[in-house]
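Chemist: Have a look at this one.
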Amino acid sequence: HTKHTWGNNLCLIYPTIDTRTGRLVVISAIDNLVKGAAGQAVQNMNLMLGLPETTGLEALAIYP
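Now the structure itself:
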């Protein structure tokens, strides 16, 4: 469910086998507001300042 990615920097991955075709089907969901340009900017800032890359990205980013 996309609601489980809301406000965080995670990518949820759900692999399953289509029994009819025998193919692997992989479904993924992200919150692109965090995983997009804003999240990338925070990761870049962290690296430039010598901080751990995930600083500020592991907390729930929802206001209010």
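By my numbering, the letter at position 48 of the sequence shown is numbered 730, and the numbering carries on one by one without gaps. Ideal Cβ placement from N, Cα and C applies to all residues, glycine included.
Please classify residue 726: is it buried, with 16 or more other beta-carbons within 10 angstroms of its beta-carbon, or exposed?
Modeler: Taking the sequence shown and counting its residues from 1, one reaches residue 726 at position 44. Exposed is the call here.
Chemist: Out of curiosity, what's the CA-to-CA distance linking residue 713 and residue 720?
Modeler: The residue given as residue 713 occupies position 31 in the sequence shown. The residue given as residue 720 occupies position 38 in the sequence shown. If you take the alpha carbons of residue 713 and residue 720, they lie about 11 Å apart.
Chemist: What is the rounded straight-line gap between the Cα of residue 735 and the Cα of residue 708?
Modeler: Within the sequence shown, residue 735 is the residue found at index 53, counting from 1. Within the sequence shown, residue 708 is the residue found at index 26, counting from 1. Between the alpha carbons of residue 735 and residue 708 lies a distance of about 27 Å.
Chemist: DSSP state of residue 720, grouped into three classes?
Modeler: Residue 720 sits at position 38 when you count from the first residue of the sequence shown. Note: residue 720 maps to helix in three-state DSSP.
Chemist: Can you name, in chain order, every residue of its own chain whose Cβ lies under 8 Å from the Cβ of residue 740, other than the five neighbours on each side?
Modeler: The residue labelled residue 740 in the question sits at position 58 within the sequence shown. The residues are 690, 691.
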